[in-house]
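Working notes, beginning with the structure itself.
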Amino acid sequence: MFNLLTNPWLPIVRQDGTKSVIAPRGITEDISANPVIAVDWPRADFRLATMELLAGLIATACPPADEDDWLDAWEAPPSPEKLDGALAPLSHAFSFDGPGPRFMQDLADLDADEEPVENLLIEVAGNSGPLVHPGRTKRMGRPAAAISLYTLQSWSPSGGRGNRTGLRGGGPMVTMVAPGRHRSLWHHIWANVPLGRKPEPVDFPRIFPWLSPTITSVNDEVVTPDDVAHPLQVWWGMPRRIRLSFVQLPSPAPCDLTGALDSSVVTGWRQRPHGPQYVGWGTRHPLTPTYQNKAGEEILSVHPNPGGVGYRNWIGLVLRSPDGLRRPAPIVSTWRNDRYRGTEEAKGARLIAGGYDTDNMKARGFMETEVPLVLASSKEVQERLDALATSLVRASERASYQLRKAVQQALYHPGAKVKATAHGIALLGDRVWLETESAFFSALHRAMSLDDTAPERVAWQARLRGLALRIFDDTVPIDPLDRNNVRQVRARFFLGLGLSGYGKDGQSFFQILEMPLPAQEKKSKGKAS
């Protein structure tokens, strides 16, 4: 019997480059001399999913009771023996292929058609594009099958025919803090473990849904936190009713995904529709940011977009939006507000953001990005930095909008119906973000030593104005000898005015940057445009 808490199955790499396979208890082994620094799956989605799984495992087995408790284990990590003792009460819930309850699998032996094992991979099921090559993965060793199953259940996109999405909706954004100074896997995981209370054994069936008969949604039954499920099920949601098919081999054979040898492999799986329907979990997951379309509406999980993550997402992934509709993951706020100051981690900490960009049943791609968190040594300085960051991001949003509007006015007659994709207008804003990415972080770092951030705001205005005009010129070449280019010249002229503080657009732009309007604007009371 293969158990995910006692059997070695996690591929890892140590500080000296040594690679091996460990059980979860081994993440603190030799932590002082040669620590484990990363999981080592050949797939990026498996690596991020494993980090999430380990954070959930520690949060369930031995959560810190308060921040002092958290700091103690940060400074003196638990030994493998102590970690093993904390995990032992959960071991029966992590049996993967035994006769009883199986990790993340329906308790019933489902009667259904067999699906190929490769359909456990999110990018394969529901996709038929040129980058998908069916038939390449015909068998998985138990380690790869386990993390494939966890990834599917945790991030499950729409499966059609009553197959439910994950607890956070299909393809949620996962954000985790990567500490700066400490590179051990333990510190990376522990940085993302929230405060909590160790559950009692009586709670386990409400935490791990595979320990009891599935709460189906045949009649639209729902699974809600607190009353139906234990709040810790936020880490262990199981929306799909799945049973894996194991084949015992006469001798170990390589896994088609990892090449690792295993004597028992997964060749297929069975699925029945109408698994648990999760409702009311919007704010519960510690690693996922949330948003509302309007105040009072349902709180939803953020999902990755094709453009990836950059400073354009700072409001919502790192900072709460001024209107409160976009909120960072709880663990990101905890780190920024409390933890890093007690750990001397102000320098070098980064935010990891990743997940699948999905379109209903189809996964369009997996994205993962790291950006600096830019943390100050005091709350006073941090508040000043956060205010500056908010202004710079919103100013870039405004400049992108004004650029797109100017290009559209230059290329099309007034009243023309223009698709966003025409002439790449929708992509012009992306250039603004990409070409100011490094400048944004440089501005924040410089502002740490400033009592007044006004110089950075003025510099940002000049940078955005120059960049927007350059992108306009690249997109709308103006021939000075052409007398029919009045519309183009006029559009460029007013773009420059707006980004210099003139007219209604200029007023909005300068207000965002908290800059005084130019003298001429004050005299004309906003009638320049």
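First residue of the sequence shown? That's 170 in our numbering, and the numbers climb one at a time after it. Ideal placement from N, C-alpha and C gives every residue a C-beta, glycine not left out. Here the structure is a predicted model, which is why all the values come from computation and not from measurement.
Excluding the 5 residues flanking it on each side, T452 has same chain C-beta neighbours closer than 7 Å at T459 and I468, in chain order. Cβ contact annotation for P473 (same chain, cutoff 6 Å, sequence separation greater than five): M342, G524, D526 and M536, in chain order. According to DSSP, residue pairing for Y525 in a beta bridge involves F535. The three-state secondary structure of T459, taken from DSSP, is strand. Excluding its 5 nearest sequence neighbours in each direction, T229 has C-beta neighbours in its own chain below 6 Å: L401, listed in chain order.
The alpha-carbon of V190 is positioned some 47 Å away from that of K463. A straight-line Cα-Cα distance of about 14 Å links R489 and Y480.
G517 and R350 have their C-alpha atoms spaced approximately 7 Å apart.
The alpha helix (DSSP H) runs of length 4 or more contained entirely in the stretch 400-476 do not exist; there are none. E283 is bridged by DSSP to R439. Per DSSP, the unbroken beta strand (DSSP E) holding R183 starts and ends at L179 to R183.
Comparing C-alpha distances from G310 to each of R634, G477 and L173 shows the shortest one belongs to L173. Residues of the same chain with a CB within less than 7 Å of the CB of E604, apart from the 5 flanking positions on each side, are L636 in chain order.
Apart from sequence neighbours up to five positions away, the residues of its chain that approach Q630 with a beta-carbon distance below 6 Å are L682, ordered along the chain.
The DSSP-derived three-state label of R489 is coil.
Judged by beta-carbon spacing, Q322 lies beyond the 8 Å limit of G428, meaning their Cβ atoms are not closer than that value. Your pair L613 and A556 does not check out as a contact, with CB atoms roughly 11 Å apart and the cut at 8 Å.
Its Cα nearest to that of P193, the residue P180 stands out among G186, P180 and L494. Distance from the CA of S264 to the CA of W379, rounded to the nearest whole angstrom, comes to 11 Å.
Beyond the five residues adjoining it in sequence on each side, R183 comes within less than 7 Å, by CB distance, of N203, P204, V205 and I206 in the same chain, given in chain order.
Secondary-structure assignment with DSSP links N506 through no beta bridge to anything.
Spanning the alpha carbons of N288 and P491 requires a straight line of approximately 42 Å. Here S618 is exposed. Its C-beta has fewer than 16 other C-beta atoms within 10 Å. Taking C-beta atoms as the reference points, M170 and G267 count as a pair closer than 8 Å. Per DSSP, reduced to three states, the secondary structure at K251 is helical. In the DSSP assignment, V190 is bridged to P180.
About 7 Å separates the beta carbon of L336 from that of V403, a gap short enough to meet the 8 Å contact definition.
Taking the C-beta atoms as reference points, V655 is found no nearer than 8 Å to L580. One Cα belongs to V587, the other to P649, and the distance between them is close to 26 Å. The secondary-structure analysis by DSSP pairs V392 across a beta bridge with Y447. Looking from the CA of P497, the closest CA among G534, H454 and V387 belongs to H454. Remark: fewer than three beta-carbon pairs, one from each stretch, lie closer than 8 Å, so the stretch 363-377 and the stretch 561-575 are not flagged as touching. Going by DSSP, M220 is part of the alpha helix (DSSP H) stretching over A213 to A230. Around the beta-carbon of H356, 16 or more other beta-carbon atoms lie within 10 Å, marking it buried. As DSSP reads the structure, L664 sits in no beta bridge.
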